[in-house]
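These protein sequence lines are chains A and B, in that order.
Here our numbering = 1-based position in the first sequence + 330.
Here our numbering = 1-based position in the second sequence + 330.
We put the beta carbon where it would ideally sit given N, CA and C, even for glycine.
Written out below as structure tokens is the structure these notes cover.
2 protein chains.
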Amino acid sequence: MTDGSPFPAGVAGAAMNPTRAKLLAAAAETLRHEGIAGLAARPIAARAGVNQALIFYHFGTVAGLVDAAVRASVEESTAFYRDRFARVTSLVELLQVGRELHERERSAGNVAMMAQLLAGAQQDEALAAAARFAMQRWTAEIEAVVRRVVEGGPLAELADPAGIARAISAGFIGLELYEGVDAAGASAGLTALEQLGALVEVLDDLGPVARRALRAKVRRTRAG
Amino acid sequence: MTDGSPFPAGVAGAAMNPTRAKLLAAAAETLRHEGIAGLAARPIAARAGVNQALIFYHFGTVAGLVDAAVRASVEESTAFYRDRFARVTSLVELLQVGRELHERERSAGNVAMMAQLLAGAQQDEALAAAARFAMQRWTAEIEAVVRRVVEGGPLAELADPAGIARAISAGFIGLELYEGVDAAGASAGLTALEQLGALVEVLDDLGPVARRALRAKVRRTRAG
DNA sequence: GTCTATAAGATGATAGAC
DNA sequence: GTCTATCATCTTATAGAC
């Protein structure tokens, strides 16, 4: 299976065919920079410096290449944060890492890539599968941190880490899209979210009296 | 200016050329259902039941038509909520109206339209202008409500209504995209956000003691 | 104002030489 | 494994008949 080539070959393990590798990288970059609307075989091949026909030889279809490229890309970027996430134990730290991650991934273009992928996924089942995979990878990492950070605190019984992780991921994607048309507005939105995060953090650190009052109110509100 | 036709004609005021009107509606629907990647003159014209060449006669380019269609659509949908928003005076009511709006706009497809528009706007300046316009309309409405609801309460000094409105708009768009690939996950995310909203609501309704403690903590955290 | 016809180019994908 | 050449099909946009 050195490379009879019809498609699979999975992860970038061992030594991958250099053309395959170039195409994977070029596909991710094209998605980031040209968006889903401009995603076509020729632009990708041009960026990779190889012939357009090789996309179909190696990956069958353009969507097949994009699928493989997204999986490789998300595998790499989540791995990068895995141990950083593992060291986070408080909400304060989580907010700090979150800000750092947000800035780094933004300039790497991975959030933009996810946004374009999700937009295209609404109509293309192959892209939808890739998008599902990517979102699951990210939310799994985030969910684990949120769960650990909330554990033991008063928020443990109120917060659903799985839901929060998904809301965070989706929210960042929406903000990234919004930033493309109104950078100042998106920045204001992000700041507001950080303030809200700080608020929750404060809540998590409340004295027992206020904490009890809070819990009672929450229960009453839920019932209503 | 009944219709010498080269382009403008602005709002759907008075009596608009029926072909123009059909094209505007068809463009919005095509954007909702086919997405930005499949957006082309022929599918739009087919949906409108008119000839493809009329798009260029009436709107110059496909992007010009989409721009006009989005502006008309957002004008209509924000107007629909204006008086409903005006009657909201508390955070509880805001959350209820928000849920209602979310469901109604989702089934109308307006959030999906905005998401596809934003995705395409990253690469197309004409679409970016339309997206800016649409986001401004929505955030202006939401910002006014948030400001009114927060006014007088303890959150007034902590919350930035403009930023919150933008975060809400962008967040819903991200969730809409996410729902297209993982409906259950998006639902969990939305529920988590509603819980967080209820939490903030409780905060807004806290007794003076807890309120003072909260304020002090927030100030300390901000300084750090 | 609307149509048909068409130009000029981009698209995914394949066949076959090397 | 990579290339050239090519297909049928799609795209935006225009010219001109009606």
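*May I have the straight-line CA-CA distance separating Pro-484/B from Ala-460/B, to the nearest angstrom?*
Approximately 37 Å, taken between the alpha carbons.
*Tell me, to the nearest whole angstrom, how far the beta carbon of Gly-439/A is from that of Arg-362/A; I am working on the premise that it is less than 8 Å.*
Yes, they are in contact, since the Cβ atoms of Gly-439/A and Arg-362/A sit about 4 Å apart, within 8 Å.
*Below 8 Å on the Cβ atoms is my guess for Val-400/A versus Ala-464/A; work out the distance and round it to an integer in Å.*
Separation of the CB atoms of Val-400/A and Ala-464/A is rounded to 6 Å, and the pair is thereby assigned contact status at 8 Å.
*Provide the residue span of the alpha helix (DSSP H) that contains Ser-499/A, from first to last.*
Looking at the DSSP string, the run of the alpha helix (DSSP H) that includes Ser-499/A is 491-511.
*When the Cα of Val-422/B is compared with those of Ala-495/B, Ala-356/B, Asp-535/B and Leu-457/B, which residue comes out closest?*
For the set Ala-495/B, Ala-356/B, Asp-535/B and Leu-457/B, the Cα lying nearest the Cα of Val-422/B is the one of Asp-535/B.
*asked:* Is there a Cβ of chain B sitting closer than 8 Å to that of Ile-494/A, yes or no?
replied: Taking Cβ atoms only, chain B reaches closer than 8 Å to Ile-494/A, which makes this a yes.
*Along the region 480-507 of chain B, what residues have a CB closer than 9 Å to any CB found in chain A?*
The region 480-507 of chain B vs chain A, Cβ under 9 Å: Leu-485, Leu-488, Ala-489, Asp-490, Pro-491, Ala-492, Gly-493, Ile-494, Ala-495, Arg-496, Ala-497, Ile-498, Ser-499, Ala-500, Gly-501, Phe-502, Ile-503, Gly-504, Leu-505, Glu-506 and Leu-507.
*Can you name the residues of chain A whose CB is closer than 7 Å to the CB of Ala-345/B?*
Counting only Cβ-Cβ distances below 7 Å, Ala-345/B has no contacts in chain A at all, with the closest Cβ about 33 Å away.
*DSSP three-state call for Met-331/A: helix, strand or coil?*
Confidence at Met-331/A is low in this model, with a pLDDT of 44, below 50, so the placement of that residue should be treated as unreliable; the coordinate-derived value is given next. If DSSP states are grouped into helix, strand and coil, Met-331/A belongs with coil.
*asked:* Just to check my reading of the structure: Leu-384/A and Leu-353/A have Cβ atoms closer than 8 Å, yes? What is that Cβ distance to the nearest angstrom?
replied: Contact between Leu-384/A and Leu-353/A holds, since their C-beta atoms are separated by about 7 Å, short of 8 Å.
*Can you have a look at Tyr-387/B and say buried or exposed, based on whether 16 or more other CB atoms are within 10 angstroms of its CB?*
Exposed is the call here.
*Around the Cβ of Val-539/A, are there at least 16 other Cβ atoms within 10 angstroms (buried) or fewer (exposed)?*
The C-beta of Val-539/A has fewer than 16 other C-beta atoms within 10 Å across all chains shown, which makes the residue exposed.
*If you draw a straight line from the alpha carbon of Asp-512/B to that of Ile-498/B, how long is it in whole angstroms?*
Distance between the alpha carbons of Asp-512/B and Ile-498/B is about 20 Å.
_Can you tell me whether Thr-360/B is buried or exposed? The criterion is at least 16 other CB atoms within 10 Å of its CB, across all chains shown._
Buried, by the Cβ-count rule.
_Beta-carbon contacts of Glu-364/A that lie in its chain and below 7 Å, excluding the five residues immediately before and after_ = So the list reads Pro-373, once near-sequence residues are dropped.
*Round the Cβ separation of Ala-516/A and Leu-505/A to the nearest angstrom and send it over; I've been treating them as touching at under 8 Å.*
With a Cβ gap of about 5 Å, Ala-516/A and Leu-505/A count as contacting.
_Measuring only the C-alpha atoms, how far is Met-331/B from Pro-348/B?_
In this prediction, Met-331/B has a pLDDT of 43, which is less than 50 and means its spatial position is unreliable; nothing more can be read from the coordinates.
*Under the assumption that Gly-493/A contacts Ala-500/B (Cβ atoms under 8 Å), give the Cβ distance between them as a whole number of angstroms.*
At roughly 18 Å, the Cβ-Cβ gap does not stay under 8 Å, so Gly-493/A and Ala-500/B are not in contact.
_Taking 8 Å as the threshold (beta carbon to beta carbon), is Val-396/A in contact with chain B?_
At a cut-off of 8 Å between beta carbons, Val-396/A makes no contact with chain B.
*Indicate whether at least one CB of chain B lies closer than 8 Å to the CB of Ala-456/A.*
It does not; no Cβ of chain B falls within 8 Å.
*Along chain A, in chain order, which residues have C-beta atoms closer than 7 Å to that of Asp-512/B?*
For Asp-512/B, the chain A residues whose C-beta falls within less than 7 Å of its own C-beta are Arg-462 and Met-465, listed in chain order.
*Find the nearest neighbour of Ala-486/B within the set Arg-545/B, Ser-403/B, Leu-529/B and Ala-371/B, judged by alpha-carbon distance.*
Put simply, of Arg-545/B, Ser-403/B, Leu-529/B and Ala-371/B the residue whose alpha carbon is nearest the alpha carbon of Ala-486/B is Arg-545/B.
*In terms of alpha-carbon separation, which member of Ser-407/B, Arg-414/B, Glu-405/B and Leu-488/B lies closest to Val-475/B?*
Checked all of Ser-407/B, Arg-414/B, Glu-405/B and Leu-488/B; the closest Cα to Val-475/B is Arg-414/B.
*Under a three-way DSSP split, which group does Ser-420/A fall into?*
Ser-420/A: coil per DSSP, three-state reduction.
*Chain-order list of residues whose beta-carbon lies under 7 Å from that of Gln-382/B (same chain, five-residue window excluded)*: So the list reads Ala-371, Arg-372 and Ala-375, once near-sequence residues are dropped.
*Are the C-beta of Ile-374/B and some C-beta of chain A separated by less than 8 Å?*
Nearest CB-CB separation between Ile-374/B and chain A: not below the 8 Å threshold.
_Close beta carbons around Gly-554/B, own chain, < 7 Å, minus the five adjacent residues each side_ = Per-residue confidence for Gly-554/B stands at a pLDDT of 47, beneath the threshold of 50, marking its modelled position as unreliable; the derived number appears in the next sentence. Cβ within range, chain order: n/a, list empty.
*Identify the contact partners of Gln-525/A in chain B, using a Cβ-Cβ distance below 8 Å as the criterion.*
When 8 Å is used as the limit between beta carbons, Gln-525/A is near these residues of chain B: Leu-488, Ala-489, Asp-490 and Gly-493, in chain order.
*Pick from Gly-379/A, Asp-454/A and Leu-529/A: whose alpha carbon is nearest that of Leu-507/B?*
The residue among Gly-379/A, Asp-454/A and Leu-529/A with its C-alpha nearest the C-alpha of Leu-507/B is Asp-454/A.
*asked:* At the level of alpha carbons, what is the spacing between Glu-285/A and Ile-503/B?
replied: For chain A, the structure presents residues 331 to 554; residue 285/A sits outside this window and is missing.
*Own chain residues within Cβ distance below 8 Å of Arg-377/A, not counting five before or after*: Within the same chain, Arg-377/A has close Cβ partners Ala-356, Glu-359 and Thr-360.
*Taking the continuous alpha helix (DSSP H) assigned at Glu-364/B, which residues delimit it?*
Bounds of the alpha helix (DSSP H) holding Glu-364/B are 348-364.
*Check whether the Cβ atoms of Gly-519/A and Arg-496/B sit closer than 8 Å, and answer yes or no.*
Less than 8 Å separates the beta-carbon of Gly-519/A from that of Arg-496/B.
_To the nearest angstrom, how far is the alpha carbon of Ala-393/A from that of Pro-336/A?_
Pro-336/A has its alpha-carbon roughly 15 Å from the corresponding atom of Ala-393/A.
*Are the C-beta atoms of Glu-364/B and some chain A residue less than 8 Å apart?*
It does: the Cβ of Glu-364/B has a partner Cβ on chain A nearer than 8 Å.
_I need the straight-line Cα distance from His-432/A to Val-480/A, nearest angstrom please._
If you take the alpha carbons of His-432/A and Val-480/A, they lie about 21 Å apart.
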